[in-house]
Structures are given as structure tokens and as C-alpha cells.
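Residue numbers (my numbering): 1 to 232. A virtual CB, placed ideally from N, CA and C, is assigned to each residue, including glycine. All values reported here derive from a predicted model rather than from experimental measurement. The structure appears below as C-alpha cells.
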Amino acid sequence: MIRVVAINSSPKMDNGNTSLILNPFLEGMKETGAEIELFYTKNLKINPCQGDFSCSLKNPGICFQKDDMQMLHPKLFEADIWVFASPLYISGFNGPMKVLIDRILTPVGEPYIGVKDGRCHHPIRENIKRGKLVLVSSCGYWEIENFDLLIAHMKEFSFHSEWEFVGALLRPHAPALKPMIRSGAPIYDIFEAAKKAGHQLIMDGKMSSETLSIVSRELLPMKEWVRGNTAN
Ligand SMILES: Cc1cc2nc3c(=O)[nH]c(=O)nc-3n(C[C@H](O)[C@H](O)[C@H](O)COP(=O)(O)O)c2cc1C
């Protein structure tokens, strides 16, 4: 059984735009028999990393902070797939997701710095599980390039975590989704594609670029989106 840990960091949780993509994606994985655990950062108490490296140097693997990371950290490293779902804030992860991500690697990394592919990193300890990483995000601006920094950040996280980044479900001009659903616009292919990506990931170990491009497809021309969002 493939185990998935998904984290949604939208403060709007299931009422947000990110969940419109995340939830059918998880549903698709569930339908193929994967075990899904979904967490909302809003319901968790996760403090920022305090930066003392005691989880690496003094008590390897153990963070001195007693908060919900004590529960989440072991779950992450028992899972086969991690899904990080964050709204795009100032071109990156939102704060709660960044705080969570900062807490993941140091307790499982070696204290020394090694070189991999010509680059410095703290190798992840041998006995620590590796798996696959997926990014889900939604943003307000129209063009898909708004996600470029976020994707670059995920690739860096993949390099340092030694978990394979297998792709992203990205939804630009996402605030257009709900009004379009309400008006009966034909956009259900987007949610079907998110679900299909979930099927593909579990059944084939990867998601097709064709399916992912439907998730991100244009909902309306940029000019119309800009006009509709301009005050007066
Ligand atoms: C503080 C803040 C910063 C944001 N920064 C960006 C941004 O840099 N680029 C962008 O396209 N959208 C930005 N947005 C819009 C959100 O990414 C967008 O509305 C997203 O769909 C919200 O997801 P949610 O409903 O799941 O929370 C920002 C929103 C907020 C509140």
C-alpha cells in the first residue's frame, strides 16, 4: 500500500482555491488504493526552526521543540509520497508551509557537509526513507511563470531531501475558478485532470505532462482577467 502525506497550508483550508485542485488529486490517488493523510497547517501548531542544530549535533533526530512536528515528522518519513499544497504568496510558499519545510531536513541529515553533483549539502542519513514529492499550488495572477520561483525552490528541496520531485499541479488565475463553477462554465476537465494525475502517480509512478497542462490551462484571456480585477 502506497502511503501519502499531504499538507495544505492555505489559511482557507477546504474553502480555498488550492483545495479545488488538491482534493480531486488526492481523491484520484485514494481511488487506486493509496492511503492518504491530509493535514492543514492552520490546525497544527508548528513553531519556526530555532536554528541551533541541536537536532543534528546534540540529540540527532530529536528537535527540542514540543509541538505538532513531533507527530508529523515520523509520519512524513513513513510515507512514500509527500504532497505540499500551498497558495503562492509573493512568488513562493506561504509562511506556514515554509515554517514546516524548514523543520523537516535537519533532524535526518548528517551534521557534516558533503558534495553531491558538485554542490554542498548535508547528506540524508542512510537509514532514512526516500520517496516522491509533489507540489500543488494556486496563484492569483494570470500567467504560469508566476510559479517559477516556487518550482525552483521545490527542486532545491528535492536536492537536499533526496526525495524525487515528480511534478506540480499548478493553477494560475485560480480566483476565476469559483465564479466560473457558479456560472456553470465548462471547466470540469480541470478537476478531472487533477484526479487523473492522482491515478497516474499511483499506477505509473509519474504524471503525464498532458494531464498537468490541463490542470493549468487558460480559463479566460489575460486581458479579460486583468479587466475583471481592476477597481472601478
Ligand atoms: C499575501 C498574499 C500574497 C500573494 N502573492 C501572490 C503572488 O505573488 N502571485 C500571485 O499570482 N498570487 C498571489 N497571491 C494570490 C493567491 O496566491 C491566490 O489567491 C491563491 O489562489 C490563494 O489560494 P487559497 O485560496 O488556497 O488560499 C497572494 C495572496 C496573498 C494573500
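| Asked | Found |
| --- | --- |
| First and last residue of the alpha helix (DSSP H) that includes Lys30? | Asn17 to Glu31 |
| May I ask you to report which of helix, strand or coil DSSP gives Lys12? | coil |
| Exposed or buried, Val108, counting other C-beta atoms within 10 Å across all chains shown (16 or more means buried)? | buried |
| Between Thr32, Leu38, Ala152 and Pro221, which lies nearest to Asn23 when the distance is taken from Cα to Cα? | Leu38 |
| Reducing DSSP to helix, strand and coil, say where Ile214 ends up. | helix |
| List in chain order: all unbroken alpha helix (DSSP H) runs of 4+ residues lying wholly within the stretch 26-100. | 54-57 and 69-76 |
| Of the choices Lys66, Asn15, Cys63 and Thr41, whose alpha-carbon is the least far from that of Ala174? | Asn15 |
| Can you tell which of Pro74, Glu78 and Pro96 has the C-alpha that lies nearest to the C-alpha of Ser86? | Pro96 |
| Please classify Val226: does DSSP put it in a helix, a strand, or coil? | helix |
| Let's test the definition: count the other Cβ atoms within 10 Å of the Cβ of Gly28 and tell me whether it reaches 16, buried, or not, exposed. | buried |
| Comparing the CB of Ile151 with every heavy atom of ligand 1, is any distance shorter than 7 Å? | no |
| Indicate the three-state DSSP secondary structure (helix, strand or coil) for Ser183 in the structure shown. | coil |
| Following the continuous beta strand (DSSP E) through Phe165, name the residue where it begins and the one where it ends. | Glu164 to Arg171 |
| So, with DSSP's three-state summary, where would you put Gly114? | strand |
| Taking its Cβ as the centre, do 16 or more other Cβ atoms sit within 10 Å of Asn232, making it buried, or is it exposed? | In this prediction, Asn232 has a pLDDT of 45, which is less than 50 and means its spatial position is unreliable; what the coordinates show is noted afterwards. The residue is exposed, with fewer than 16 neighbouring Cβ atoms inside 10 Å. |
| Does the distance between the C-beta of Gly228 and the nearest non-hydrogen atom of ligand 1 fall short of 7 Å? | no |
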